[in-house]
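Same order as they appear, the protein sequences are chains S and R. Heads up, the first sequence is in my numbering, so the first residue is 105 and it goes up one at a time. Heads up, the second sequence is in my numbering, so the first residue is 13 and it goes up one at a time. A quick write-up on the structure given underneath.
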Amino acid sequence: MKKYITLMLVFTAMLAQAQSKTLKAGEAAPDFKLKNVDNKEISFESYPKAKGFIVVFTCNTCPYAKAYEQRIIDLDKKFKPEGYPVIAINPNDPEASKADTFDKMQDLAKEKKYGFPYLFDQGQVVTDQYGAKHTPHLFVVSKTAKGTVVEYTGAIDNDPEGTKTEKTKYVEEVIASLKKNQKPAVTETKEIGCTVKRKAKA
Amino acid sequence: MKIRTFIICVLLSCSGLSYSQNVKLLSVDQLQERIKKGQDSTYVVNFWATWCAPCIKELPHFEKLSQEYKSDKLAVLLVSVDFKSKLNTAVVPFVKRKKLTNPVFLLNESNPQEYIDRIDPSWSGSIPATLFIKNDKKKFMETELTYEQLVTEYKKL
């Protein structure tokens with residue numbers, strides 16, 4: 105009897121984990137429809153000509169996200185014209201992180217002149233679909249005959265502090281491969297970041 | 013070259029003595045070695061940083077845990093993942109200001125592609141995160157903990 109209970113517990117634990125598993129390269133990248141800081145709704149379909157997307161879960165508050173902010177702006181400037189625009193999504197619950205409300209997101213996007221959408225994820229639905237764990241957490245997505253597919257998940261580069269002279273720019277390398285119709289050599293990286301802020305569980 | 017290395021070592025150890033006696037550098041190897049040596053002890057290893065608000069909020073819980081269970085074979089280690097360049101400018105002053113009593117370390121690793129998986133393969137890299145280890149039993153939690161949750165997880169081992 106005890107064995108069954110243990111088994112059940114293991115299963116429940118596995119299910120709970122499965123719900124927020126981070127998407128991996130090769131898996132379908134679900135489309136979404138989320139409200140942008142300009143109050144318009146944005147989805148993959150808003151970009152009929154795009155070849156893919158740089159979907160980055162980032163926020164107003166995390167020091168790592170702030171350290172990467174300019175690099176996110178630069179990614180969009182460089183790759184939007186090449187068919188890979190940035191779509192930023194704030195994964196934090198505004199009740200749990202007071203400086204991540206929709207208003208504050210609007211302020212930041214305006215102040216830093218974001219050239220890309222900065223979306224509010226009501227109920228953290230898309231955050232959980234992608235299994236975004238921290239900020240910044242980035243997914244490179246490509247459009248294929250079978251729909252939108254994850255090509256890469258992880259960090260922007262290997263230099264969060266921004267002090268290395270020789271850095272590996274993971275995202276740039278991924279997109280360079282995709283443009284050559286090749287599969288990226290590195291499809292997953294890990295980096296320290298701020299945990300996604302959630303309401304305390306009752 | 014050897015002399016230079018020697019001087020750097022002396023400088024490092026001096027600065028270690030005078031400014032950062034409470035915060036030592038710790039590699040994953042050293043952490044694993046320490047855990048292996050302390051058989052039958054329970055290790056609660058918290059990964060945090062001075063820039064991480066939820067980490068700072070939960071640090072007092074770890075202080076309280078080691079106080080409350082003083083008579084247990086329990087070691088609480090606070091491992092900061094701050095940049096190494098912040099050791100003397102951020103980490104040491106923080107540890108002094110907060111009067112942390114548990115041993116505090118700064119993680120002495122530079123390649124997250126390697127060390128994050130070695131701490132636990134399930135870790136995506138977000139902090140706070142806490143590792144509970146007793147002999148063969150291991151649990152890794154990539155989440156902020158309340159004091160009650162911390163005690164529950166500790167007692168489960």
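Yeah, the Cβ is synthetic: ideal placement off N, Cα and C, and Gly gets one too. Nothing here was measured: the structure is a model prediction, and the numbers come from that model.
Between the Cα of residue i and those of the options, spot the shortest distance and give me the residue it belongs to.
{"i": "K36/R", "options": "I47/R, L169/R, Y127/R and N120/R", "result": "N120/R"}
{"i": "P133/R", "options": "K151/R, P140/R and L118/R", "result": "K151/R"}
{"i": "D197/S", "options": "E270/S, Q228/S and A132/S", "result": "Q228/S"}
{"i": "K250/S", "options": "S147/S, K139/S and G156/S", "result": "G156/S"}
{"i": "L169/R", "options": "E80/R, L86/R and Q44/R", "result": "L86/R"}
{"i": "R302/S", "options": "T239/S, D207/S and K128/S", "result": "T239/S"}
{"i": "E45/R", "options": "K76/R, I145/R and A61/R", "result": "I145/R"}
{"i": "K181/S", "options": "P288/S, P221/S and D135/S", "result": "P221/S"}
{"i": "V141/S", "options": "S246/S, Y218/S and T231/S", "result": "Y218/S"}
{"i": "S147/S", "options": "K268/S, A289/S, T267/S and T252/S", "result": "T252/S"}
{"i": "K170/S", "options": "T231/S, P288/S, M209/S and F224/S", "result": "M209/S"}
{"i": "S78/R", "options": "Y55/R, F95/R and T62/R", "result": "Y55/R"}
{"i": "Q226/S", "options": "S246/S, A200/S and D211/S", "result": "A200/S"}
{"i": "K284/S", "options": "E186/S, V254/S and V190/S", "result": "E186/S"}
{"i": "F95/R", "options": "Y81/R, F117/R and L112/R", "result": "F117/R"}
{"i": "V91/R", "options": "Y81/R, Q125/R, T164/R and V107/R", "result": "V107/R"}
{"i": "L127/S", "options": "V254/S, V290/S and K137/S", "result": "V254/S"}
{"i": "K139/S", "options": "A192/S, L212/S, K202/S and T272/S", "result": "A192/S"}
{"i": "A289/S", "options": "D232/S, T272/S and V300/S", "result": "T272/S"}
{"i": "Q286/S", "options": "N262/S, Y256/S, V300/S and T299/S", "result": "Y256/S"}
{"i": "N143/S", "options": "L212/S, R175/S, L223/S and T291/S", "result": "L223/S"}
Quick check on residue i: buried or exposed, where buried means 16 or more other Cβ atoms within 10 Å of its Cβ?
{"i": "S138/R", "result": "buried"}
{"i": "G235/S", "result": "buried"}
{"i": "N123/R", "result": "exposed"}
{"i": "G130/S", "result": "exposed"}
{"i": "P264/S", "result": "buried"}
{"i": "K69/R", "result": "exposed"}
{"i": "E215/S", "result": "exposed"}
{"i": "D148/R", "result": "exposed"}
{"i": "T165/S", "result": "buried"}
{"i": "Q33/R", "result": "The pLDDT assigned to Q33/R is 49, lower than 50, so where the model puts this residue is not dependable, and the model offers no usable value."}
{"i": "G297/S", "result": "buried"}
{"i": "E270/S", "result": "exposed"}
{"i": "E295/S", "result": "buried"}
{"i": "S83/R", "result": "exposed"}
{"i": "A61/R", "result": "buried"}
{"i": "V246/S", "result": "Per the sequence presented here, residue 246/S reads as Ser, with Val not at that position. The residue in question, S246/S, is buried, as its Cβ has 16 or more Cβ neighbours within 10 Å."}
{"i": "T267/S", "result": "exposed"}
{"i": "N100/R", "result": "exposed"}
{"i": "K237/S", "result": "buried"}
{"i": "T248/S", "result": "exposed"}
{"i": "A132/S", "result": "exposed"}
{"i": "T162/S", "result": "buried"}
On the DSSP bridge assignment, give the partners of residue i in chain order.
{"i": "C298/S", "result": "T239/S and I139/R"}
{"i": "W63/R", "result": "Note: W63/R sits in no beta bridge, so no partner."}
{"i": "M153/R", "result": "T142/R"}
{"i": "I139/S", "result": "Residue identity differs from the one stated: residue 139/S is Lys in this sequence, not Ile. Note: K139/S sits in a beta bridge opposite E145/S and F224/S."}
{"i": "S246/S", "result": "G156/S and V253/S"}
{"i": "F117/R", "result": "K36/R and V91/R"}
{"i": "Y55/R", "result": "A87/R and I145/R"}
{"i": "E292/S", "result": "T257/S"}
Since residue i is in the alpha helix (DSSP H), which residue starts that stretch and which ends it?
{"i": "V40/R", "result": "V40 to K49"}
{"i": "S281/S", "result": "Y274 to K283"}
{"i": "L162/R", "result": "Y159 to K168"}
{"i": "V107/R", "result": "V104 to R109"}
{"i": "L179/S", "result": "P167 to F183"}
{"i": "P124/R", "result": "P124 to I131"}
Between which two residues does the beta strand (DSSP E) carrying residue i extend?
{"i": "T231/S", "result": "First-last for T231/S: V229 to Y234, but that is the alpha helix (DSSP H), not the beta strand (DSSP E)."}
{"i": "A192/S", "result": "V190 to N194"}
{"i": "I158/S", "result": "G156 to F161"}
{"i": "L127/S", "result": "L127/S -> no beta strand (DSSP E), and no H or E assigned at all."}
{"i": "K214/S", "result": "Note, K214/S: premise wrong, no beta strand (DSSP E); alpha helix (DSSP H) at F206 to E215."}
{"i": "Y256/S", "result": "G251 to G258"}
{"i": "L90/R", "result": "L86 to S92"}
Tell me which same chain residues have a C-beta within less than 8 Å of the C-beta of residue i, skipping the five on either side of it?
{"i": "H73/R", "result": "L157, T158, Y159 and L162"}
{"i": "D129/R", "result": "W135"}
{"i": "Y151/S", "result": "F157 and P189"}
{"i": "K167/R", "result": "none"}
{"i": "E277/S", "result": "P288, A289 and V290"}
Got a sec? Which residues, its chain only, sit under 7 Å from residue i by beta carbon, not counting five neighbours each side?
{"i": "T293/S", "result": "G258, A259 and Y274"}
{"i": "A304/S", "result": "none"}
{"i": "I279/S", "result": "F183, Y188 and V244"}
{"i": "S25/R", "result": "Interpretation of S25/R is limited by its pLDDT of 48, a score under 50 that renders its predicted location unreliable; the figure taken from the coordinates is listed afterwards. None."}
{"i": "C67/R", "result": "W60, A61, I139 and P140"}
{"i": "D52/R", "result": "K85 and N147"}
{"i": "F136/S", "result": "S147 and V230"}
Going along the chain, which residues of its own chain have a beta-carbon closer than 6 Å to the beta-carbon of residue i, five neighbours each way excluded?
{"i": "L143/R", "result": "V57 and F152"}
{"i": "T205/S", "result": "P198"}
{"i": "Y172/S", "result": "P240 and I260"}
{"i": "W63/R", "result": "none"}
{"i": "S124/S", "result": "D232 and G235"}
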